[in-house]
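Chemist: Sequential numbering from 1186 applies to the sequence shown in the working numbering.
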Amino acid sequence: MNGLGQSGLWNRVQYYGRYVNGIDQMRQARHPLMCRAVAFGIYSYVKELTVDLFAADVLKFIIELIRHTVAPGDYLLPNLQSLSWMASTRKNFPDIDLFLGPRVTSIALVFPGFDEQYLAVLKTISNSRPNLTSIQISFHREDPLSPNIQSSFSNFVCCFQSLNSLILHTATDAGSIIHLGRIPSLERLVLSPADNSSSLAQSPESELFPNLRVFGCTGQSHNLEYLTGLARSWAQSPLRWFDVDIALDTPPPSSSFEALFCALSEHCSHEAFRELSLCISVHPHPALDPTCRAFGRVLAPLLPFFALEDVYIIFPDGYRFSDEDILGLASSWPKLKRLLLLHSSHCSPWQNIAPIWIPTLILNFDATSIPALDGEIVIQSDALMVLNVECCLIRNAEEVARFISSLFPKVSEFGDLMDEDDIEMWRIGVPDF
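Dropping the structure here:
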């Protein structure tokens, strides 16, 4: 480009500009000639724009250039469909309304935190583009939001009627949840748990989210009631993916888990459900109350989901399951490919992991006492490909490696070992690995 004359540059840019769909990482376009090329030759064709927090000066320069070619009332990027904007300050949202043209359907915003100064940005978006189909809003910092700002986000959400995907890393009130549940096009919803879980749990609304396929929830909460109340409002949703990663103040009783799983089983399609990921942590780690012990009946409501392929369940320390429970899970989910059950104080005997015919297993098992390899292994699993032994009890890493190689000949990957002989195990090189 530096070798071209200026007229040659404009001709080339204008010719190829029609093939440009998006501009990403605008901070790299600091050369004035490049800025002019973008401004005059490409802007009318751009469908996707990504602006990060380092690009404010470049963006301002390009805006000033384009202004001279755009009629009053027109948009800077008339064909823009997707706008991604990561800002460091309020000043990094200059004239955002100039980019909200009639074709914009997707917006992703990253705020450095949140305070009152950003409410004008939300108002501009909701007033300009009420027909958005995809919205994603997140924050650089995870500072708690004031009730007033949370209320503003709830009001913001209620301005849209055509959403297909909403990813909002903040809590919203029950009214906005009900509004979202009545949008028939909504298929993907990711939220943070709300503190006022009782308001949702007591809501009489039901038969919501008829087409929800992906649900996620991450953040901090006091209990599981918010998730349970939300699931009870679903109208047999064709959910495929349920992903929850939250930190609680205190360990929930096993009845709370059972209530959540029952709500999922009663209000989600058993045929559609493919992936379940549930990670519950407690900070700080308190002494575990006996009511927190999780047994097989806790997971029983999940057994009807016969189409499950991936299951990741991480309970707080101290929750435990019997070997019969684990085998029951594997047999109830014939399409299961990966099973992860961690943070359980229980270690399964090696005999009970052999019948689990799935490609990936991440599970605690007892490898302190293994049989000699002189005799023939009765049960040999050709299905298992990955075995995580990170939390397993191991006395002799070499013997464990040879034993696993004989029992699971197709295993090609180990998890990390918590054993003083782990380096020796990797060095030995077991046959068939």
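Don't be surprised by glycine CBs; every beta carbon is placed ideally from N, CA and C. It should be emphasised that the depicted structure is a prediction, and the values quoted were computed from it without experimental measurement.
How is the alpha helix (DSSP H) around V1306 delimited, first residue to last?
Modeler: L1304 to S1313 is the span of the alpha helix (DSSP H), which, as asked, contains V1306.
Chemist: Secondary structure at D1434, three-state DSSP: helix, strand or coil?
Modeler: In this structure, D1434 counts as coil in the three-state DSSP scheme.
Chemist: With the cut-off set at 7 angstroms, would you say T1357 and V1375 are in Cβ contact?
Modeler: Cβ atoms of T1357 and V1375: not closer than 7 angstroms.
Chemist: DSSP three-state label for L1268, please.
Modeler: Reduced to three states, the DSSP call for L1268 is strand.
Chemist: Could you give the DSSP three-state label for A1356: helix, strand or coil?
Modeler: Note: A1356 maps to coil in three-state DSSP.
Chemist: Quick check on the burial criterion: 16 or more other C-beta atoms within 10 angstroms. Buried or exposed for R1417?
Modeler: Answer is buried; the Cβ neighbour count reaches 16.
Chemist: Classify D1434: buried if its beta carbon has 16 or more other beta carbons within 10 angstroms, exposed otherwise.
Modeler: By the neighbour-count rule (16 or more Cβ atoms within 10 Å), D1434 is not buried but exposed.
Chemist: Could you give the first and the last residue of the continuous alpha helix (DSSP H) run that contains A1444?
Modeler: S1439 to H1452 is the span of the alpha helix (DSSP H), which, as asked, contains A1444.
Chemist: Looking at D1282 and T1318, is the spacing between their C-beta atoms short of 7 angstroms?
Modeler: In this structure, D1282 does not lie closer than 7 angstroms to T1318 by Cβ.
Chemist: V1342 lies in the alpha helix (DSSP H); which residues open and close that run?
Modeler: Segment P1332 to V1342, the alpha helix (DSSP H) holding V1342.
Chemist: Return the residue from the list F1299, K1520 and I1362 that minimises the CA-CA distance to N1340.
Modeler: Among F1299, K1520 and I1362, the Cα nearest to that of N1340 is on I1362.
Chemist: Please name the residue, chosen from F1345, L1304, M1271 and S1516, that lies closest to V1295 on a Cα-to-Cα basis.
Modeler: Ranking the options by Cα distance to V1295, first place goes to M1271.
Chemist: How about the segment 1408 to 1422 and the segment 1439 to 1454: do they share at least three Cβ pairs that are nearer than 8 angstroms?
Modeler: The segment 1408 to 1422, when compared against the segment 1439 to 1454, does touch it at the 8 angstroms Cβ threshold.
Chemist: Could you pull the start and end residues of the beta strand (DSSP E) that A1485 belongs to?
Modeler: A1485 -> no beta strand (DSSP E), and no H or E assigned at all.
Chemist: In the DSSP assignment, find the beta strand (DSSP E) that holds E1460 and state where it starts and stops.
Modeler: That run of the beta strand (DSSP E) goes E1460 to V1467.
Chemist: Could you check how far apart the C-beta atoms of S1331 and L1285 are, in whole angstroms? I think they sit under 8 angstroms.
Modeler: Contact doesn't hold; Cβ gap of about 27 angstroms is too wide.
Chemist: Could you check how far apart the C-beta atoms of H1354 and I1322 are, in whole angstroms? I think they sit under 8 angstroms.
Modeler: The pair is a contact, with the Cβ atoms about 7 angstroms apart (cut-off 8 angstroms).
Chemist: What would DSSP say about F1324, mapped onto helix, strand or coil?
Modeler: If DSSP states are grouped into helix, strand and coil, F1324 belongs with the strands.
Chemist: Within a Cβ cutoff of 8 angstroms, which residues of the same chain sit near S1450, ignoring the five residues on either side of it in sequence?
Modeler: The residues are P1486, L1487, P1489 and F1490.
Chemist: What did DSSP end up calling F1345 once you bin it into helix, strand or coil?
Modeler: DSSP places F1345 in coil when its eight states are reduced to three.
Chemist: Using three-state DSSP, classify R1398 as helix, strand or coil.
Modeler: Coil.
Chemist: Hey, would you say L1524 sits closer than 7 angstroms to V1496, going by beta carbons?
Modeler: Yes, the Cβ-Cβ distance between L1524 and V1496 is below 7 angstroms.
Chemist: Should P1287 be labelled buried (16 or more other beta-carbon atoms within 10 Å of its own) or exposed?
Modeler: Burial call: exposed.
Chemist: Let me know if C1402 comes out buried or exposed under the rule of 16 or more other beta-carbons within 10 Å of its beta-carbon.
Modeler: Burial call: buried.
Chemist: Check for me: the alpha helix (DSSP H) holding A1293 runs from which residue to which?
Modeler: Where A1293 is concerned, there is no enclosing alpha helix (DSSP H), although the beta strand (DSSP E) it sits in stretches over S1291 to F1296.
Chemist: Can you name, in chain order, every residue of its own chain whose Cβ lies under 8 angstroms from the Cβ of F1324, other than the five neighbours on each side?
Modeler: Cβ within range, chain order: V1295, F1296, P1297, G1298, F1299, H1354 and T1355.
Chemist: If you draw a straight line from the alpha carbon of S1336 to that of L1304, how long is it in whole angstroms?
Modeler: Distance between the alpha carbons of S1336 and L1304 is about 11 angstroms.
Chemist: List the endpoints of the continuous beta strand (DSSP E) containing R1288.
Modeler: Unbroken run through R1288: none, as it is neither H nor E.
Chemist: Restricting to Cα atoms, I'd like to know which of S1347, V1585, A1359 and G1360 is closest to S1370.
Modeler: Comparing Cα positions, the closest option is S1347.
Chemist: State yes or no: is the C-beta of D1430 within less than 7 angstroms of the C-beta of C1453?
Modeler: In this structure, C1453 does not lie closer than 7 angstroms to D1430 by Cβ.
Chemist: Please say whether L1461 and S1422 have beta carbons closer to each other than 7 angstroms?
Modeler: No, Cβ-Cβ distance for S1422 and L1461 is not below 7 angstroms.
Chemist: Once you ignore the five residues that flank L1291 on each side, which residues in its own chain have a CB closer than 6 angstroms to its CB?
Modeler: Before going on, a small fix: residue 1291 reads as Ser here, not Leu. Excluding residues within five positions, the ones whose Cβ falls inside 6 angstroms are S1267 and S1319.
Chemist: For a test of the three-state rule: what should DSSP assign to L1393, helix, strand or coil?
Modeler: DSSP places L1393 in strand when its eight states are reduced to three.
Chemist: Could you check the C-alpha separation between F1458 and V1596 for me, to the nearest Å?
Modeler: Rounded to the nearest angstrom, the two C-alpha atoms are 28 angstroms apart.
Chemist: Starting from L1374, follow the beta strand (DSSP E) in both directions and report where the run begins and ends.
Modeler: R1373 to L1376 is the span of the beta strand (DSSP E), which, as asked, contains L1374.
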